[in-house]
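Under our numbering, the first residue of the sequence shown carries the number 9, and numbering increases by one thereafter. Taking it in order: structure first as structure tokens, then the write-up.
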Amino acid sequence: MKKILFTLFIMYGFGLNAQNAQTTDYDWKKMDPKQRKEVINNLSPEERKELLKKFRNNMVLENLEIDAGDKTEFTQLYNEYLENQKQIKGQFNPNFNPETLSDDEAKAKLQQSFEVGQKLLDNRKKYADKMQQVIPCQKVLKLFQSEGMMRDKMNERKPHSGHDNTARPKQNP
Numbered sequence: 009m010k011k012i013l014f015t016l017f018i019m020y021g022f023g024l025n026a027q028n029a030q031t032t033d034y035d036w037k038k039m040d041p042k043q044r045k046e047v048i049n050n051l052s053p054e055e056r057k058e059l060l061k062k063f064r065n066n067m068v069l070e071n072l073e074i075d076a077g078d079k080t081e082f083t084q085l086y087n088e089y090l091e092n093q094k095q096i097k098g099q100f101n102p103n104f105n106p107e108t109l110s111d112d113e114a115k116a117k118l119q120q121s122f123e124v125g126q127k128l129l130d131n132r133k134k135y136a137d138k139m140q141q142v143i144p145c146q147k148v149l150k151l152f153q154s155e156g157m158m159r160d161k162m163n164e165r166k167p168h169s170g171h172d173n174t175a176r177p178k179q180n181p
């Protein structure tokens, strides 16, 4: 829940044109943070997920300045890409303590992380090629740059779990 709210507020802070990304007739820009939080808390999990997806898509479309005629096709490709990335990431469980693994278990986990990382890269290449059929490669590159910046920002603000507050940020394969 906190992650969803945090992401929504980050997207709002990036100047997202939320007027176009409404599930209902809310004017997100005119609401104060407390009102937005209340509205979001009253949404079902499915509605929250859909709202977040719309915010994200509108932010990307606005940031990349996608032509009106290409928006639908690009959005479909982008959502497919993200869904595939999510499925691939789901193949690796990062919640383990490496210090408790045997040498063989650690080697297997390390190899698995390399394999998942390669699948993520292969998927990124595949969708970069597909997206270049819709938008110029400069915009595809800008998309991947902004993805990295967003991930870095979220990792900066994400509370680190662990036994102490000095835990390192989680890294995905």
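Glycine included, each C-beta is placed from N, C-alpha and C at the ideal position.
Mapping the DSSP letters down to three states, classify residue i as helix, strand or coil.
i	result
L69	helix
P41	helix
F100	coil
V148	helix
L85	helix
I48	helix
Q141	coil
S121	helix
D75	coil
M162	helix
L109	coil
Rounded C-beta distance between residue i and residue j? I'm assuming under 8 Å.
i	j	result
Q93	L128	6 Å
Q141	V148	Their Cβ separation, rounded to whole angstroms, is 10 Å, which puts Q141 and V148 out of contact at 8 Å.
Nearest by alpha-carbon distance to residue i: which of the options is it?
i	options	result
T74	N103, K150 and N163	Looking at the sequence itself, residue 74 is Ile, so the reference to Thr does not match. Here the closest residue by C-alpha is K150.
query: Are the segment 81–94 and the segment 129–145 touching, with three or more C-beta to C-beta distances below 8 Å?
result: yes
- prompt: Between the segment 60–76 and the segment 144–159, do at least 3 Cβ pairs fall closer than 8 Å?
  reply: yes
query: Are there three or more Cβ pairs, one per stretch, closer than 8 Å when the segment 98–110 is compared with the segment 74–82?
result: no
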